[in-house]
Amino acid sequence: MRKFVLLFASLVVLIDAPMPACAEQLSGQTVAPASRVKSCSESFSYGTTAEFSERCVALAGPLAAMRGSTLVLRMDSGSRKVFDNKNGYGRSEGGFGYGLADFYPSTRIFVVCDHGPDGGQCTAVEGRTGRQLDFGNAFPQFSPDGNLVLTEESGEDETSFAILDVRGKKQRLVWKSKDSKTSLPAKATFVGWIDDKTIKLESPDKKPVVLTQGSDGTWSVNAAP
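Residue numbers for the sequence shown, in the numbering used here: 5 to 229.
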């Protein structure tokens with residue numbers, strides 16, 4: 005099960021400021037195209053969990069805040085989404101509890117995880133509509149346009165990946181690594197979305213692998229050029 009490296013270490017006050025076109029961009033790791041504002045995971049690498057969490061909340065600006073043990077997200081409509089640790093399982097089981105695991109400024113998508121001692125339960129919240137998407141134990145990585153999600157779930161022997169189309173009322177599975185004709189390396193890791201039809205992974209020996217969508221809409225595993 006994926007271990008999420010996030011802890012909230014500072015209190016950020018939510019203010020009723022005009023909603024920005026995008027949150028502040030932080031320098032750091034580069035995967036996303038320059039034409040869109042980078043997410044937390046694209047903007048800076050993981051150091052300590054407290055540092056990453058603090059910087060992710062800062063990137064969201066007035067759109068996210070911690071109020072004590074409660075995570076508050078501001079929707080485009082002005083309404084709030086509240087994730088209170090009193091209603092979650094993570095902290096009661098000895099874990100950290102709710103944390104902001106990622107934020108995509110360009111598409112206004114938040115990823116919230118309820119962190120238990122051995123893993124977490126993840127939910128994505130679309131700030132423009134208020135819609136929530138449940139991903140369970142799998143961690144979601146959104147495409148640049150926000151229409152597709154690569155989910156990643158780590159097991160003892162291998163990492164399982166799946167690609168979901170999230171544009172409809174229900175998530176639709178479009179590709180699964182376990183059913184792929186071409187197998188991925190057992191311990192492949194996610195690197196980033198290159199564009200809306202290309203995902204870069206990396207094998208344990210650092211050799212790049214890409215998932216690409218063909219003209220017929222199907223996905224396949226290919227060696228990177």
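Cβ atoms here follow ideal geometry from the backbone N, Cα and C, with glycine treated the same way.
Buried or exposed (CB count within 10 angstroms, at least 16 for buried), residue i
| i | result |
| --- | --- |
| Ser181 | buried |
| Tyr50 | exposed |
| Asn226 | exposed |
| Asp106 | buried |
| Gly123 | buried |
| His109 | For the sequence presented, residue 109 should be read as Pro rather than His. Label assigned to Pro109: buried. |
| Val116 | buried |
| Gly94 | buried |
| Ser43 | buried |
Supposed contact pair residue j and residue i - C-beta distance, whole angstroms, cut 8 Å
| i | j | result |
| --- | --- | --- |
| Ser169 | Leu152 | The residue asked about is misnamed: residue 169 is Asp in this sequence, not Ser. Indeed they touch by this definition, with Cβ atoms about 6 Å apart. |
| Ser84 | Leu77 | Looking at the sequence shown, residue 84 is not Ser but Arg. Right, the Cβ-Cβ distance comes to about 7 Å (below 8 Å), so this counts as a contact. |
| Met70 | Gly131 | In fact, because the Cβ distance is near 17 Å, the residues do not count as touching under 8 Å. |
| Phe100 | Ala68 | Contact doesn't hold; Cβ gap of about 16 Å is too wide. |
| Lys191 | Pro212 | Contact flag wrong, Cβ pair sits at about 14 Å. |
| Gly92 | Asp118 | 4 Å |
| Trp179 | Ile167 | 4 Å |
| Gln145 | Glu156 | 7 Å |
| Ser224 | Thr186 | 7 Å |
| Val214 | Thr202 | 6 Å |
Same chain, Cβ closer than 7 Å to residue i, neighbours up to 5 away in sequence not counted
| i | result |
| --- | --- |
| Val195 | Val35, Lys204, Leu205, Glu206 |
| Leu177 | Ala166, Leu168 |
DSSP-derived helix/strand/coil call for residue i
| i | result |
| --- | --- |
| Asn226 | strand |
| Lys90 | helix |
| Ser181 | helix |
| Val153 | strand |
| Asp220 | coil |
| Ala142 | coil |
| Thr193 | strand |
Neighbourhood of residue i by C-beta distance below 6 Å, restricted to the same chain and skipping five residues each side
| i | result |
| --- | --- |
| Gln136 | Thr127, Val129 |
| Ser45 | Asp106 |
Cβ of residue i within 8 Å of any chain C Cβ
| i | result |
| --- | --- |
| Pro144 | Going by chain labels, chain C is absent from the structure shown, which holds only one protein chain. |
Cutoff 8 Å; reference residue i; Cβ partners in own chain excluding five residues on either side
| i | result |
| --- | --- |
| Ser219 | none |
### Query
Considering only residues of the region 40 to 85, which uninterrupted alpha helix (DSSP H) runs meet the minimum length of 4 residues and lie entirely inside it, listed in chain order?
Fully enclosed alpha helix (DSSP H) runs of 4 or longer: 44 to 47, 53 to 64.
### Task
Kindly provide the ranges of any beta strand (DSSP E) runs that are 3 or more residues long and lie completely inside the region 100 to 134, ordered along the chain.
Runs of the beta strand (DSSP E) lying entirely within the region 100 to 134 and spanning at least 3 residues, in chain order: 101 to 108, 113 to 119, 124 to 130.
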